[in-house]
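**Q** For reference, the structure I am asking about is given below.
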Amino acid sequence: MLEGLHYFVAGIVDLLSWGAIFNVLWATLLGISIGMLPGLTATLGLALLTTLTFKLAAGDAILILICMYVGSIYGGSRSGILLNIPGTPANAATTLDGFPLARAGLAGKAMGIATAGSVLGTVIGMIFLALFAPLLAEWALSFQTYEFFWLAVFGVVVSGRLTGLDDPLKGWISGFLGLLVAMVGQESIHAYARFAYGNTNLAGGFGLLPVLVGVFGFTEILWVMKNPAYEAVKNATDSVIPKLREVFRYWATIIRSGVIGTFAGLIPGVGEDIGAWVSYAVARNISRERDQFGQGSIEGLMSAETGNSAAVPGAIIPTLTLAIPGSAPAAVLLAALYIHGVRPGPLIMIENPSFVFEVVAMVLFATLAILFYGLLLTKPLLLILRVPYLRLMPIIFVLCVVGSYAITSRLFDVWVMLGFGVLGFVLRQLSFPMAPLVLGVVLGPILDVSLRRGLVLSDGNLAPFFTRPISLVLWILILVTFLMSSGRFVKWVQGLGQRMFDRGT
Amino acid sequence: MPVIARRDLYTSLVFIAFGVGVVVESLRMPRFENLGVNSYTVPGIVPGVVGATIALLAGVMLLRSLRRLQPGGDLESGPLAEGSTRRLLLTLTVTLAYGGLLVGLLPFWLATFLFVTTFIVLFEWRGGQARGRLGRTVAVALLEGVLVAAAVTFVFERIFLVRLP
Chain A
166 MLEGLHYFVA
176 GIVDLLSWGA
186 IFNVLWATLL
196 GISIGMLPGL
206 TATLGLALLT
216 TLTFKLAAGD
226 AILILICMYV
236 GSIYGGSRSG
246 ILLNIPGTPA
256 NAATTLDGFP
266 LARAGLAGKA
276 MGIATAGSVL
286 GTVIGMIFLA
296 LFAPLLAEWA
306 LSFQTYEFFW
316 LAVFGVVVSG
326 RLTGLDDPLK
336 GWISGFLGLL
346 VAMVGQESIH
356 AYARFAYGNT
366 NLAGGFGLLP
376 VLVGVFGFTE
386 ILWVMKNPAY
396 EAVKNATDSV
406 IPKLREVFRY
416 WATIIRSGVI
426 GTFAGLIPGV
436 GEDIGAWVSY
446 AVARNISRER
456 DQFGQGSIEG
466 LMSAETGNSA
476 AVPGAIIPTL
486 TLAIPGSAPA
496 AVLLAALYIH
506 GVRPGPLIMI
516 ENPSFVFEVV
526 AMVLFATLAI
536 LFYGLLLTKP
546 LLLILRVPYL
556 RLMPIIFVLC
566 VVGSYAITSR
576 LFDVWVMLGF
586 GVLGFVLRQL
596 SFPMAPLVLG
606 VVLGPILDVS
616 LRRGLVLSDG
626 NLAPFFTRPI
636 SLVLWILILV
646 TFLMSSGRFV
656 KWVQGLGQRM
666 FDRGT
Chain B
16 MPVIARRDLY
26 TSLVFIAFGV
36 GVVVESLRMP
46 RFENLGVNSY
56 TVPGIVPGVV
66 GATIALLAGV
76 MLLRSLRRLQ
86 PGGDLESGPL
96 AEGSTRRLLL
106 TLTVTLAYGG
116 LLVGLLPFWL
126 ATFLFVTTFI
136 VLFEWRGGQA
146 RGRLGRTVAV
156 ALLEGVLVAA
166 AVTFVFERIF
176 LVRLP
């Protein structure tokens with residue numbers, strides 16, 4: 166614990182340089198801008214910035230990416246409140262109470278509350294990151310290949326279930342499709358080029374960043390161009406600085422939403438949007454002001470923004486300690502860590518223990534930056550929303566092309582981006598969610614190697630996959646996730662419970 | 016009108032065919048018996064399992080769609096997403112032309128300038144506009160084209176030292 170504190174303080178001291186502070190300020194501002202603009206997601210922003218910063222020193226690049234991540238999740242609240250359109254999916258719950266407040270002439274107050282919620286949520290998540298990441302890394306040292314196989318499956322299944330809320334079946338198909346995409350190219354055990362058909366480019370596989378940029382960038386551009394533009398901006402004329410009394414009146418909601426958000430981020434594949442929705446739903450169920458929710462409830466707005474922001478450090482926890490991303494933007498962060506020579510995983514506390522606490526320090530600085538921008542520069546920042554989206558779309562597409570090309574300098578990666586953009590658009594039209602597909606692409610190699618290695622170790626015996634303690638918990642959770650999606654099964658369980666209750670009385 | 020159920024029906028058939036195709040291709044992958052490789056590490060195992068899972072899930076979706084299409088089945092109503100197909104096709108044409116053709120054939124700055132200018136003119140030009148208005152649109156498009164091409168080239172190549180296509 167004391168060692169961790171020492172590393173944390175050392176991390177803060179390292180960041181107290183003009184260069185680092187400059188990076189914090191511009192990266193957070195860029196993140197807020199990207200988050201504010203509907204059509205641009207945190208994942209896309211991170212993917213593009215990863216390619217932009219890949220020649221920089223590892224410390225600078227990771228700092229920039231974390232500031233971008235925190236900033237973009239926060240920035241989406243602006244458009245959610247003013248336009249009733251979430252800037253990123255993580256801010257969807259924010260619109261429910263943020264927009265009614267804006268309509269009532271309290272846009273400034275709403276943005277101040279959103280800022281307070283985001284800052285406090287990030288701080289709560291940051292505390293969990295500092296305390297739990299080292300513990301999880303130590304526990305994960307007992308994971309073997311069987312556990313990593315089930316973790317990969319769990320990530321895809323849970324992501325599919327929670328992002329395909331109306332239709333988990335489509336979420337799962339999307340996730341397994343992502344796993345298959347990861348199978349294209351040379352596999353790591355025998356170097357056999359799967360699904361390459363003699364093509365050298367296909368033998369290299371589909372790069373994660375071009376796929377991400379295609380699915381979150383090009384697909385979004387096509388979607389925005391097909392569908393009507395968003396309305397004109399409202400102005401915020403009231404004060405954006407929230408009253409402390411008003412914020413801390415809901416201290417229980419803040420802490421509860423922070424914890425829920427952190428755990429939502431912690432679960433692989435489940436990210437900031439679920440953190441916001443679950444925090445909001447729980448706050449509404451428990452609140453004494455339940456009837457205010459959806460009409461401009463401060464508590465509702467606070468819970469949504471605290472939940473989504475706490476999920477950011479929450480998602481970083483499994484990314485660092487298990488090398489399994491907690492959310493789609495965290496998947497990009499994972500790719501960036503590998504690019505810059507950091508090896509995330511259970512050994513991180515042994516090989517590079519100070520790094521985890523340096524990341525905590527980076528999250529702290531990003532939080533201070535969003536507090537600064539949120540309270541002091543809210544009104545100037547609103548100018549960003551006045552940029553006509555038609556002028557913005559070609560610029561974003563140019564960045565998508567450059568971003569896809571930058572890492573490996575292959576035009577093939579640009580074509581991959583185009584192809585996945587079109588595929589993503591078609592799937593989205595058919596109501597298939599994209600987040601499980603991306604997660605599948607990230608987890609595919611882990612699943613592939615873990616399954617085959619596990620079968621070799623057990624000599625074809627499937628028992629260890631099902632009987633080892635942690636594996637047992639994971640596959641039961643996966644089974645329950647599948648079964649609870651079936652309406653018939655849920656009714657059967659409820660019927661069984663009712664019959665047992667009747668017998669008991 | 017069970018629009019979504021019928022759409023899901025066709026989609027599930029496509030995914031079943033795709034999943035079965037993946038399984039077939041996985042079975043055709045080499046097993047390296049002559050090299051004495053452990054059979055549990057052959058390349059086709061994992062794609063085969065994943066392909067079979069996709070086919071299975073799509074099969075469940077097929078059954079569900081058939082149930083929904085029957086009289087008395089639960090129907091989801093709701094139109095397909097509205098929007099302009101014309102704008103979509105235009106966007107696809109321009110973006111695919113830039114990303115798939117121009118980049119790599121022309122210098123990046125020129126391809127980018129042409130793309131940005133064309134994009135803005137195409138989408139901001141309205142038929143029957145006054146000449147002055149059209150002239151202003153073209154001027155803004157040209158300016159933005161030059162600025163974007165210059166800024167992206169400069170920032171990426173000179174400041175961040177990233178290679179451009």
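Chains A and B supply the protein sequences, listed in that same order.
Its first residue numbered 166, the first sequence is counted upward by one per residue in my numbering.
Its first residue numbered 16, the second sequence is counted upward by one per residue in my numbering.
The beta-carbon is built from N, C-alpha and C at its ideal position, and this holds for glycine as well.
Does the contact criterion of 3 or more C-beta pairs under 8 Å hold for the region 166-180 of chain B versus the region 119-129 of chain B?
**A** Touching, yes, given that three or more Cβ pairs across the two stretches are closer than 8 Å.
**Q** Check whether the Cβ atoms of Leu557 of chain A and Leu202 of chain A sit closer than 8 Å, and answer yes or no.
**A** Here residue 557 of chain A refers to the residue found at position 392 of the first sequence. Here residue 202 of chain A refers to the residue found at position 37 of the first sequence. Cβ atoms of Leu557 of chain A and Leu202 of chain A: closer than 8 Å.
**Q** Determine the burial state of Pro490 of chain A: buried for a count of at least 16 other Cβ atoms within 10 Å of its Cβ, exposed for fewer.
**A** Counting from one through the first sequence, the residue named residue 490 of chain A turns up at place 325. Classification of Pro490 of chain A: buried, given that the 10 Å Cβ count is 16 or more.
**Q** Go through its chain and collect everything with a Cβ distance to Ala317 of chain A's Cβ below 6 Å, but skip five positions before and after it.
**A** Taking the first sequence and counting its residues from 1, the one referred to as residue 317 of chain A is at position 152. Once the five neighbours on either side are set aside, the close Cβ partners of Ala317 of chain A are Leu608, Ile611 and Leu612.
**Q** Quick one: does Lys220 of chain A have its CB under 8 Å from some CB of chain B?
**A** Walking along the first sequence from the start, residue 220 of chain A turns up at place 55. Yes, Lys220 of chain A lies at the interface with chain B (some Cβ there is under 8 Å from its Cβ).
**Q** According to DSSP, is Gly506 of chain A part of a helix, a strand, or is it coil?
**A** Residue 506 of chain A sits at position 341 when you count from the first residue of the first sequence. Gly506 of chain A falls in the coil class under three-state DSSP.
**Q** Contact between the region 182-195 of chain A and the region 224-234 of chain A is defined here as three or more beta-carbon pairs at a separation below 8 Å; is this criterion met?
**A** In short, these stretches touch, since the Cβ pair count reaches three.
**Q** For the region 217-281 of chain A, which segments carrying the alpha helix (DSSP H) assignment without a break, of at least 4 residues, lie completely within its bounds, in sequence order?
**A** DSSP runs (the alpha helix (DSSP H)) wholly in the region 217-281 of chain A: 223-248 and 257-268.
**Q** Less than 8 Å between C-beta atoms, sequence neighbours within five positions excluded: which residues of the same chain meet that for Ile174 of chain B?
**A** As a working note, residue 174 of chain B is residue 159 in the second sequence. Nothing listed; no residue qualifies.
**Q** Taking 8 Å as the CB-CB cut-off, is Val75 of chain B touching chain A?
**A** As a first step, residue 75 of chain B is located in the second sequence; it is residue number 60 there, counting from the start. Answer yes: the Cβ-Cβ gap between Val75 of chain B and chain A drops below 8 Å somewhere.
**Q** Report yes or no: do the region 66-83 of chain B and the region 355-363 of chain A share at least 3 C-beta pairs separated by less than 8 Å?
**A** Counting Cβ pairs under 8 Å, fewer than three are found: no touch.
**Q** Select from B:Ala20, B:Leu121, B:Pro45 and B:Ile135 the residue whose C-alpha is nearest the C-alpha of Glu159 of chain B.
**A** Taking the first residue of the second sequence as position 1, residue 159 of chain B is located at position 144. Comparing Cα-Cα distances from Glu159 of chain B to each of B:Ala20, B:Leu121, B:Pro45 and B:Ile135, the minimum goes to B:Ile135.
**Q** Please classify Met276 of chain A as buried or exposed, where buried requires at least 16 neighbouring CB atoms within 10 angstroms.
**A** The sequence position of residue 276 of chain A within the first sequence is 111, counting from 1. By the neighbour-count rule (16 or more Cβ atoms within 10 Å), Met276 of chain A is buried.
**Q** Taking the alpha helix (DSSP H) that Lys408 of chain A belongs to, which residues open and close that run?
**A** For the purposes of this step, residue 408 of chain A is taken as the residue at position 243 of the first sequence. Per DSSP, Lys408 of chain A belongs to no alpha helix (DSSP H) and is neither H nor E.
**Q** Can you find the residues in the same chain that come closer than 7 Å, C-beta to C-beta, to Trp183 of chain A, ignoring five residues on each side of it along the sequence?
**A** Taking the first residue of the first sequence as position 1, residue 183 of chain A is located at position 18. Closer than 7 Å at Cβ, skipping near neighbours: no residue.
**Q** Report yes or no: do three or more beta-carbon pairs, one from the region 470-482 of chain A and one from the region 633-641 of chain A, lie closer than 8 Å?
**A** Cβ pair count under 8 Å is below three, so no.
**Q** When you compare only the Cα positions, how much space is there between Ala397 of chain A and Trp315 of chain A?
**A** On the first sequence, position 232 is the one that residue 397 of chain A refers to. On the first sequence, position 150 is the one that residue 315 of chain A refers to. The predicted position of Ala397 of chain A is uncertain, since its pLDDT is 46 and thus under 50; no value can be drawn from it.
**Q** Roughly how many angstroms lie between the CA atoms of Leu529 of chain A and Val655 of chain A, to the nearest whole one?
**A** The residue given as residue 529 of chain A occupies position 364 in the first sequence. The residue given as residue 655 of chain A occupies position 490 in the first sequence. Roughly 43 Å between the two C-alpha positions.
**Q** Can you give me, in chain order, the residues of the region 51-84 of chain B that have a beta carbon less than 9 Å from any beta carbon in chain C?
**A** Included in the structure are the protein chains A and B, with no chain C among them.
**Q** Taking 8 Å as the threshold (beta carbon to beta carbon), is Arg633 of chain A in contact with chain B?
**A** Translated into the one-based positions of the first sequence, residue 633 of chain A becomes position 468. So no, Arg633 of chain A is outside the interface.
**Q** Under 7 Å, CB to CB, which of the residues in the region 144-178 of chain B have a partner in chain A?
**A** Here the close residues are Glu159, Val163, Val167, Phe171, Phe175, Leu176, Val177 and Arg178.
**Q** To the nearest angstrom, how far is it from the Cα of Ser339 of chain A to the Cα of Leu181 of chain A?
**A** Translated into positions along the first sequence, residue 339 of chain A becomes position 174. Translated into positions along the first sequence, residue 181 of chain A becomes position 16. About 44 Å.
**Q** Counting contacts by CB-CB distance shorter than 8 Å, is Arg22 of chain B in contact with chain A?
**A** As a first step, residue 22 of chain B must be located in the second sequence, where it is residue number 7. Closer than 8 Å: yes.
**Q** Since Glu312 of chain A meets chain B, which of its residues come closer than 9 Å, beta carbon to beta carbon?
**A** Position 147 of the first sequence, counting from 1, holds the residue named residue 312 of chain A. Ordered by position in chain B, no residue passes the 9 Å Cβ test against Glu312 of chain A, which lies about 17 Å from the chain.
**Q** Name the one or two DSSP bridge partners that Gln351 of chain A has.
**A** Looking up residue 351 of chain A in the first sequence gives position 186. DSSP, once it has assigned bridges, lists A:Ala358 as partnering Gln351 of chain A.
**Q** Using a cut-off of 8 Å between C-beta atoms, extract the partners of Glu40 of chain B located in chain A.
**A** Here residue 40 of chain B refers to the residue found at position 25 when the second sequence is read from its first residue. Correct list: Phe360.
**Q** Which residues in chain B sit within 8 Å of Asp613 of chain A, going by Cβ to Cβ distance?
**A** As a working note, residue 613 of chain A is residue 448 in the first sequence. Here the neighbours are Val61.
**Q** Counting only beta-carbon separations shorter than 8 Å, does Trp640 of chain A have a partner in chain B?
**A** Translated into positions along the first sequence, residue 640 of chain A becomes position 475. Output row for Trp640 of chain A: interface = no.
**Q** Among residues of its own chain, excluding the 5 on either side of Pro518 of chain A, which ones have a beta-carbon nearer than 7 Å to its beta-carbon?
**A** Along the first sequence, one-based indexing puts residue 518 of chain A at 353. Correct list, in chain order: Tyr172.
**Q** Looking only at C-alpha atoms, which of A:Thr384, A:Gln351, A:Ala531 and A:Ala302 sits nearest to Ile482 of chain A?
**A** In the first sequence, counting from the first residue as 1, residue 482 of chain A sits at position 317. Out of A:Thr384, A:Gln351, A:Ala531 and A:Ala302, A:Ala302 has the C-alpha closest to the C-alpha of Ile482 of chain A.
**Q** Going along chain A in order, which residues have a C-beta closer than 9 Å to the C-beta of Ile119 of chain B?
**A** By one-based count along the second sequence, residue 119 of chain B stands at place 104. Inspection of the sequence shows that residue 119 of chain B is occupied by Gly rather than by Ile. Near Gly119 of chain B (Cβ distances below 9 Å), the residues of chain A are Leu576 and Val579.
**Q** Using a 10 Å radius around the Cβ and a threshold of 16 neighbouring Cβ atoms, would you call Arg148 of chain B buried or exposed?
**A** For the purposes of this step, residue 148 of chain B is taken as the residue at position 133 of the second sequence. By the neighbour-count rule (16 or more Cβ atoms within 10 Å), Arg148 of chain B is not buried but exposed.
**Q** Near Ile420 of chain A, what residues of its chain come up, given a Cβ to Cβ distance below 8 Å and the 5 sequence neighbours on each side ignored?
**A** Taking the first residue of the first sequence as 1, we reach residue 420 of chain A at position 255. So the qualifying residues of the chain are Ile289.
**Q** Would you call Pro433 of chain A buried or exposed, if buried means 16 or more other Cβ atoms sit within 10 Å of its Cβ?
**A** Counted from its first residue, the first sequence places residue 433 of chain A at position 268. Buried is the call here.
**Q** In chain order, what residues of the same chain have a beta carbon less than 6 Å from the beta carbon of Gly423 of chain A, not counting five sequence neighbours either side?
**A** For the purposes of this step, residue 423 of chain A is identified with residue 258 of the first sequence, where counting begins at 1. If we look at Gly423 of chain A and ignore the five residues flanking it on each side, its Cβ neighbours are Gly286, Ile289, Thr471 and Ala475.
**Q** Taking 8 Å as the threshold (beta carbon to beta carbon), is Trp337 of chain A in contact with chain B?
**A** Working through the first sequence from its first residue, we reach residue 337 of chain A at position 172. By this cut-off, Trp337 of chain A is an interface position.
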